[in-house]
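The block underneath contains the structure these notes are about, expressed in structure tokens.
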Amino acid sequence: MTDLYQSQRAMRQMRRQAMQRGVVAILDVGSSKIACLVLRFDGTGRLSEDGSIGALAGQSGFRVIGAATTRSRGVQFGEINAMQETERAIRTAVQAAQKMAEVRVDHVIACFSGANPRSYGLDAKLDLEGQVVSEHEVAQVLASCEVPEYGAGREVLHAQPVNFALDNRSGLGDPRGQMGQTLAVDMHMLTVDAIAVQNLVRCIQRCDLELAGIASSAYASGFSALVEDEQELGAACIDMGGGSTSISVFMKKHMIYADAVRLGGDHITSDISMGLGIPMANAERIKTFNGGVHATGADDREIIDIGGDTGDWEHDRRTVSRAELIGIMRPRVEEILEEVRARLDAAGFEYLPSQQIVLTGGSSQIMGLDGLASRILGQQVRLGRPLRVHGLPQSATGPGFASAVGLCLFAAHPQDEWWDFEMPAGRHPAGTLGRAVRWFRDNW
Amino acid sequence: MHPLTGWFRKPQEERFDPAPSRLKYRLQRWMLTPGIRFGLRFGVPFCLVFAAGSAYLADEARRGALVGLYLEARAAIQERPEFMVKVMAVDGAGTSVAQDIREVVPLEFPVSSFDLDLEQIRDVITGLDPVKTASVRIRPGGILQVDVEERQPALIWRSREGLALLDENGIHVAELGRRSLHPDLPLIAGKGAEAHAAEALRLFAAAKPLGPRLRGLVRIGERRWDVVLDREQRILLPVGNPVRALERVLAVSEVQDLLERDVTAVDMRLAGRPTVRMTENSVENWWRIRQLNGGGQ
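Protein sequence lines, in the order shown, are assigned to chains A and B. Just so you know, we're using the working numbering here: the first sequence kicks off at 22 and counts up by one. Just so you know, we're using the working numbering here: the second sequence kicks off at 3 and counts up by one.
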């Protein structure tokens, strides 16, 4: 745990350096595409005259100066399974984005969707020494959270204090300086497979880039696709990507639950490919142009060329009606949504005051998906697009870029994490001698 | 059987891979580094031009040729007829002064106007004694126009070296051969007299009523004036406010005919005790008359 604490702090330090230099890259490593945005920070966002939050929800302190997308290779279910290929794809995206930005980027903030994210709710209580809550005591109560046994090969990706309570008052955002007797905290912790994170870190290091932060793409896309009141009142963001569908539940502007279903748009494509006996590229094209989930009478008459390049005339002139295509796609989409429903039920989503569900991600562009989703997930379903940020090219404003845009906001205004607070001295692993030995080992 | 075309066809092109090689990627990142970009954009061209220039100029002959070319071009422009000065015109000076000016400004016409230092010429001309002010300019038509204002002599100064003309500020204008060349100008003499020319002029103005009797002023002991009249009469003036003292003497003279009498000197040096010195003859006469009149009482 302490190693992770140190490495996350190091990444925060790196992020601060990147902010000072003014340029940072955003890397969304997805299963179907890798997106790279280059951000330039020009000071903090200006507030309007009356002190309220200005345009773009105060997120106007940065500007996208470079954007590039490339087809992802070597990534499955949001995890890297062929490192060389992924490295090449990352290089392609970073190079193109740098070329557009005409600036060299050294720091990268990355997100990924896979690696079996698992949410834990932690809490702790602390009797205050004095009457007033100090920063030290906040750190102490965070450190005294009972950390569950989350497995050997796992690592903590996010650990955010969600709620503070002072005596019998709950729902405090910042308890510092307030009077009370006991301080309690609720913390949300997200763990992922350590191997996946290490692979991603290794890949980015092989591209001569420094990792300045890492986030779950469920968190990032929720950050950008949910509007402010949805984040405040409670909503679920479902990011339907290529290889996996990630779920994040927000409440009081904090993520309180995240999960991922290892099913996505690539599975729909492979269903089409197998069902119609056509290459994946053709299947992808047919899915994009003609796909849907609601068959009507007119769809029986709409004939699609599915093609082929075997040289056999009969084989290459095959056609299929749109109704048949929908017949292939719909069960898979239903399966994905039902899986999501099961995860949300397991998380107790129905007990939230607001049942808003926002669909985003590349696969949410399937025609008629919102209608199907409202039957499975509940009545309050909408399709979400990412927030508008400065300088984002038109081609990168679609729902497929929700996690990339969310990561921009994360880079500009990160929420407090457990490692942003100083660890209380008593929690260090060993005494003075042990620390000295560790320092020697770290430096030589 | 080998396909015949296979020998000539290029090997099958691989599927296009957009990913840059590691080297290409590093090179691009390197080229995007701000320092490198600046160096390539400005530093390298500068170094190349500098190196080429130095290599070219390393040869003495080439350097000489370049300098020669430059001088030639310069001369070609300067010697255009529009810039040539052919004649010097001196206005406002008498013949001798004009002659002097032409002597001290030895120019061989025609000369280019770029080679004339008008400021220096003006200083040289103003340095001449008889010249009060001078303005020098180049008039259209290639004429060096010198406008001179001469000093007007106001006094004649007699010193051990001889006679000299001074203007109203005591500045030397010219030597004077004979007094009779300027009979109208008043005469001053004595050491240090030229430094107080203005005071002398005021005294002459006050002494107008004396008319032709006035012979001149003498500076005594470099501190005060004597007015010298004919018949060897003198009026000794004080150091302070001599004009007033002189006016007093003249006023007395007007009423009592003081200066008409047989008086050698009127001493005004002490304002409270003006003294009159008579000649020896008149003193004897006065004694005799007193004896006749009053029996020596």
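From the three backbone atoms N, C-alpha and C, an ideal C-beta is built for every residue, glycine too.
8 Å Cβ cutoff, residue i in contact with chain A
| i | result |
| --- | --- |
| B:V46 | no |
| B:L42 | no |
| B:L34 | yes |
| B:A21 | yes |
| B:R28 | yes |
| B:R31 | yes |
Bridge partner(s) assigned by DSSP for residue i
| i | result |
| --- | --- |
| B:H198 | Its beta-bridge partners do not exist; DSSP assigns none. |
| A:A236 | A:C132 |
| A:L247 | Beta-bridge pairing links A:L247 to no other residue. |
| B:V254 | According to DSSP, which records beta bridges pairwise, B:V254 is partnered with nothing at all. |
| A:S267 | A:D260, A:A281 |
| B:W159 | B:A166, B:I190 |
| A:K146 | A:A205 |
| A:Q116 | BP columns for A:Q116 are empty, so no partner. |
| A:A46 | A:V59, A:V129 |
| A:K54 | A:R92 |
| A:N184 | A:D207 |
| A:Q377 | A:A256 |
| B:R2 | Lying before the first or after the last residue shown, residue 2 of chain B is absent from chain B, which here runs from 3 to 299. |
| A:G400 | Checking the displayed sequence, the identity of residue 400 of chain A turns out to be Gln instead of Gly. BP columns for A:Q400 are empty, so no partner. |
Distance CB(residue i)-CB(residue j) smaller than 8 Å
| i | j | result |
| --- | --- | --- |
| A:T138 | A:A281 | First, the amino acid is wrong: residue 138 of chain A is Pro here, not Thr. Yes; because the gap between Cβ atoms is below 8 Å, this pair is in contact. |
| A:G182 | A:V154 | According to the sequence shown, residue 182 of chain A is Pro rather than Gly. Cβ atoms of A:P182 and A:V154: not closer than 8 Å. |
| A:I378 | A:L398 | yes |
| A:Q119 | A:V59 | yes |
| B:L219 | B:L231 | no |
| A:S245 | A:V426 | yes |
| A:F185 | A:L204 | yes |
| A:F422 | A:A56 | yes |
| B:V92 | B:P132 | no |
| A:I299 | A:G263 | no |
| B:A267 | B:R236 | yes |
| A:Y278 | A:S140 | yes |
| B:I123 | B:V138 | yes |
| A:G412 | A:R84 | yes |
| A:A88 | A:P414 | yes |
| A:A215 | A:G255 | no |
| A:S265 | A:S52 | yes |
Residue burial classification, residue i (beta-carbon count within 10 angstroms, cutoff 16)
| i | result |
| --- | --- |
| A:F370 | buried |
| B:W227 | buried |
| B:S23 | exposed |
| B:L294 | exposed |
| A:M388 | exposed |
| B:K88 | exposed |
| A:W439 | buried |
| B:Y72 | exposed |
| A:I130 | buried |
| A:D49 | buried |
| B:R153 | buried |
| A:V466 | Nothing about residue 466 of chain A can be reported from this structure: the residues present for chain A run from 22 to 465 only. |
| B:Y58 | exposed |
Any chain B beta carbon closer than 8 Å to residue i
| i | result |
| --- | --- |
| A:H179 | no |
| A:A103 | no |
| A:E438 | no |
| A:V59 | no |
| A:Q116 | yes |
| A:E170 | no |
| A:D229 | yes |
| A:E123 | yes |
| A:M35 | no |
| A:T91 | yes |
| A:A110 | yes |
| A:T113 | yes |
| A:S69 | Bear in mind that a pLDDT of 49 at A:S69, under 50, signals an unreliable position, so the number given afterwards is only what the model happens to contain. It does not: the Cβ of A:S69 has no partner Cβ on chain B nearer than 8 Å. |
| A:Q119 | yes |
| A:M40 | no |
**OP:** Return the chain-ordered ranges of every alpha helix (DSSP H) run that is complete within the segment 24-108 of chain B and spans a minimum of 4 residues.
**Re:** 24-33, 36-40, 46-59, 62-80, 97-106
Original post:
In chain order, which alpha helix (DSSP H) runs of at least 4 residues are fully inside the segment 280-363 of chain A?
Top reply: 286-297, 301-311, 318-322, 334-337
**OP:** Return the chain-ordered ranges of every beta strand (DSSP E) run that is complete within the segment 254-296 of chain B and spans a minimum of 3 residues.
**Re:** DSSP assignment within the segment 254-296 of chain B yields the following whole beta strand (DSSP E) runs of 3 residues or more, N-terminal first: 265-269, 277-280.
**OP:** Report the residue ranges of all alpha helix (DSSP H) runs contained in full by the segment 414-445 of chain A; include only those spanning at least 4 residues, in chain order.
**Re:** 423-433
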